[in-house]
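Everything on this sheet refers to the single structure shown next.
Numbering (the working numbering), first residue to last: 1 to 237.
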């Protein structure tokens with residue numbers, strides 16, 4: 001007998017659908033696959049970080065389904081779960097987090113001179129590119145509470161590379177030995193930011209930076225709250 005495939009079966013549904021987004025709010029999976037970076041913004045307590053993690057998982061699952069094909073995808077769930085754990089990187093931003101932490105900083109070398117040392121992003125990219133592009137699944141960087149730091153300063157030269165993926169730029173200034181540091185963002189590194197509107201409004205972020213992200217509003221969901229209340233009243237949770 002023939003078996004009809006149901007796209008709402010698990011783990012197939014997790015690769016493309018999230019019912020918490022609502023039918024009228026757009027399709028963030030397709031948007032981030034095209035734009036490469038997205039910001040989930042809204043009031044506190046609306047599950048932005050949770051949704052960022054779920055979206056990151058769907059990006060990886062969707063790529064795994066496409067790369068492996070349905071049969072292997074269904075048979076390789078433990079491998080996919082492992083990739084999700086390894087490929088989702090969450091960075092908690094705060095007021096003291098800066099360019100020196102994210103891109104590079106000047107340090108005293110062992111010989112007593114000065115040298116530039118890579119920050120979080122170049123080290124992450126180096127780690128990602130240890131595996132050939134055709135053999136790896138996407139990596140997702142979650143910038144949590146991105147409004148708590150000076151984002152334009154933190155990104156530095158990375159600012160333009162968000163749009164010019166796979167292009168290499170040379171960072172200004174050199175080490176004492178004349179060596180220059182180069183930076184390139186691979187096209188399979190996605191960025192998901194979260195932003196709390198109580199701390200800072202979108203208008204306070206300069207337009208050039210704003211246009212490099214797609215902005216997705218995460219508002220208060222009354223229907224979701226009512227579902228939780230009904231479940232609690234009925235003793236289901």
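C-beta atoms are modelled at their ideal positions from N, C-alpha and C, and glycine is treated no differently.
Every value quoted in this text rests on a predicted model; they were computed, and no experiment measured them.
Which class does residue 53 belong to by DSSP, given the choice of helix, strand or coil? What you label residue 53 is simply residue 53 of the chain shown in a count that begins at 1. Three-state DSSP puts residue 53 in a helix.
Among 82, 38, 30 and 151, which one has its Cα closest to the Cα of residue 136? Here residue 136 corresponds to residue number 136 of the chain shown, with the count starting at 1. Looking at the Cα atoms, 82 is the closest of the given residues.
Whole-angstrom distance between residue 16 and residue 67, CA atom to CA atom: The residue labelled residue 67 in the question sits at position 67 within the chain shown. The residue labelled residue 16 in the question sits at position 16 within the chain shown. C-alpha separation (whole angstroms): 14 Å.
Three-state secondary structure assigned by DSSP to residue 118: Indexing the chain shown from 1 puts residue 118 at position 118. Residue 118 falls in the strand class under three-state DSSP.
Indicate whether the contact test is met: 3 or more Cβ pairs, each with one atom in the segment 39–59 and one in the segment 108–126, closer than 8 Å. no
Would you say the segment 27–42 touches the segment 91–99, given that touching needs at least three Cβ pairs under 8 Å? no
Taking residue 46 as the reference, give the member of 159, 196, 146 and 97 with the closest Cα. By 1-based counting over the chain shown, the position of residue 46 is 46. Measuring from the Cα of residue 46, the nearest candidate turns out to be 196.
Under 8 Å between C-beta atoms of residue 103 and residue 121: On the chain shown, position 103 is the one that residue 103 refers to. On the chain shown, position 121 is the one that residue 121 refers to. Closer than 8 Å, so yes.
Backbone CA spacing between residue 205 and residue 234 [nearest angstrom]: Taking the first residue of the chain shown as 1, we reach residue 205 at position 205. Taking the first residue of the chain shown as 1, we reach residue 234 at position 234. Each residue's alpha carbon lies about 45 Å from the other.
Roughly how far, in whole angstroms, is the beta-carbon of residue 69 from the beta-carbon of residue 100, given that I think they are within contact range, below 8 Å? As a working note, residue 69 is residue 69 in the chain shown. As a working note, residue 100 is residue 100 in the chain shown. 44 Å between Cβ atoms; not a contact.
Taking the Cβ atom as the reference point for each residue, do residue 143 and residue 193 lie within a distance shorter than 8 Å? One-based indexing of the chain shown puts residue 143 at position 143. One-based indexing of the chain shown puts residue 193 at position 193. Cβ distance < 8 Å, so residue 143 and residue 193 count as in contact.
Extent of the continuous beta strand (DSSP E) run through residue 89: Against the chain shown, residue 89 aligns to sequence position 89. Residues 88–92.
At what residues does the alpha helix (DSSP H) containing residue 278 begin and finish? As shown, the chain starts at 1 and ends at 237. That puts residue 278 outside it, with no answer to give.
Those runs of the alpha helix (DSSP H) which lie wholly inside the segment 128–182 and span at least 4 residues: 151–155 and 158–161
Distance, Cα to Cα, residue 152 vs residue 159? Within the chain shown, residue 152 is the residue found at index 152, counting from 1. Within the chain shown, residue 159 is the residue found at index 159, counting from 1. Going by the C-alpha atoms only, they are around 7 Å apart.
What are the residues that DSSP puts in a beta bridge with residue 38? As a first step, residue 38 must be located in the chain shown, where it is residue number 38. Paired residues: 192 and 214.
According to DSSP, simplified to helix, strand and coil, what is residue 205? On the chain shown, position 205 is the one that residue 205 refers to. Coil at residue 205, not helix or strand.
Could you tell me if residue 180 is buried or exposed, where buried requires 16 or more neighbouring beta carbons within 10 angstroms of its beta carbon? To locate residue 180, count along the chain shown from 1; it is residue 180. Counting Cβ neighbours within 10 Å, residue 180 comes out exposed, since fewer than 16 surround it.
Thinking C-beta only, is residue 132 closer than 8 Å to residue 165? Counting from 1 along the chain shown, the entry for residue 165 is found at position 165. Counting from 1 along the chain shown, the entry for residue 132 is found at position 132. No, the Cβ-Cβ distance between residue 165 and residue 132 is not below 8 Å.
In the DSSP assignment, find the beta strand (DSSP E) that holds residue 105 and state where it starts and stops. The residue given as residue 105 occupies position 105 in the chain shown. Element bounds for residue 105: 104–108.
Excluding the 5 residues preceding and the 5 following residue 146 in the sequence, name in chain order all residues of the same chain whose CB lies nearer than 6 Å to its CB. To locate residue 146, count along the chain shown from 1; it is residue 146. 93, 193 and 195, listed in sequence order.
Mind checking residue 44: buried by the 16 CB within 10 Å criterion, or exposed? Within the chain shown, the letter at position 44 stands for residue 44. Classification of residue 44: exposed, given that the 10 Å Cβ count is below 16.
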